[in-house]
Amino acid sequence: MFLHKSNFLLRSVYPEFLWRIDDSEPVIYLTFDDGPIPNVTEFVLEQLDKFAAQATFFCIGDNVRKHRDVYCQVIEAGHLLGNHTFNHLNGWKTDNADYLANIDLCQRQLGIETALFRPPYGRIKKSQATDVLANYSVVMWDVLSGDFDPSLAPEGCLRKTLQYTEPGSIVVFHDSIKAFPNMRYALPRLLRYYAMRGYEFRALPQPVLSAYV
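The sequence shown begins at 44 in my numbering and counts up by one.
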């Protein structure tokens, strides 16, 4: 079970995290977790390019290691990068020292210093968050597409995402094999729907600190 829309209770547990952008402009902040993955991430890049859309990719370090060519395509397209741990660790089930070391390992694979971190599954201990916040902005989400849920039909994935997305929303999709059937259906239709209504798609405003790829 998951919530498509992050509610006040969730946000109140971690008010120091970024859940949405206070923006009255017609802007949506698309984010993609778990890549890079051949074919899947490339599909995302093609769809974004059609609408001159910028996005933020929260990458798994081990996938960057395995699929460096796809990762470089994300960089070359001008999208923003974020850290999503090296092995997609659940912070609730991971020792603090191991969790922080895994974030550092991902950072080394990225080859680009980034101020953005998203905890896999959205699960991170308060004690872990204290250390992570010293170096990163922890980014959660306003709208979770649910593309990863095999019990959710593609049409339902799109309908729920459109229902809850509004100006300033941080929206999560996944460039993963598991999510591809739903994401492949929902993403191009969402881009078209909001583009026709005058929306822009931007990367998150946090800066990339330095690049040395």
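Just so you know, even glycine gets a beta-carbon here, dropped at the ideal spot from N, CA and C. Since the model is a prediction, treat every value here as computed from it, not as a measurement.
Please state whether DSSP places residue 220 in a helix, a strand or coil.
Residue 220 sits in coil when the DSSP states are folded into three classes, being neither helix nor strand.
Proximity winner among 212, 243, 136, relative to residue 41 (alpha-carbon distances):
There is no way to answer for residue 41, as the model of the chain reaches only from 44 to 256.
What would DSSP say about residue 72, mapped onto helix, strand or coil?
Looking at residue 72 - three-state DSSP - the assignment turns out to be strand.
How far does the alpha helix (DSSP H) with residue 118 in it extend, from its first residue to its last?
Looking at the DSSP string, the run of the alpha helix (DSSP H) that includes residue 118 is 111-119.
DSSP state of residue 205 mapped onto helix, strand, coil:
It is helical.
Got a sec? Which residues, its chain only, sit under 7 Å from residue 256 by beta carbon, not counting five neighbours each side?
Legend: pLDDT at residue 256 = 33, less than 50; position of this residue unreliable, no value from coordinates given.
Which residue spans inside the stretch 137-187 form an unbroken beta strand (DSSP E) run of at least 3?
If only uninterrupted beta strand (DSSP E) runs of at least 3 residues are considered, those enclosed by the stretch 137-187 are 155-157.
Alpha carbon of residue 148 to alpha carbon of residue 87, nearest angstrom:
Taking C-alpha positions only, residue 148 is separated from residue 87 by approximately 25 Å.
In whole angstroms, what separates the C-alpha of residue 128 from that of residue 164?
Cα-Cα distance, rounded: 11 Å.
Please state whether DSSP places residue 30 in a helix, a strand or coil.
Within the shown structure, residues of the chain are numbered from 44 to 256, placing residue 30 beyond reach of any answer.
Helix, strand or coil for residue 198 per DSSP?
Three-state result, residue 198: helix.
Is it buried or exposed for residue 141, if we count other Cβ within 10 angstroms and need 16 for buried?
With fewer than 16 other Cβ atoms from the protein chains shown falling within 10 Å of its own Cβ, residue 141 counts as exposed.
With respect to the alpha helix (DSSP H) encompassing residue 100, which residues constitute its N-terminal and C-terminal limits?
Per DSSP, residue 100 lies in no alpha helix (DSSP H) segment; the continuous beta strand (DSSP E) that holds it begins and ends at 99-102.
Measuring only the C-alpha atoms, how far is residue 95 from residue 244?
Looking at the two C-alpha atoms, the distance is approximately 8 Å.
Assign residue 132 to one of three DSSP states: helix, strand, or coil.
Shown here, residue 132 sits in coil according to DSSP, grouped into three states, outside any helix or strand.
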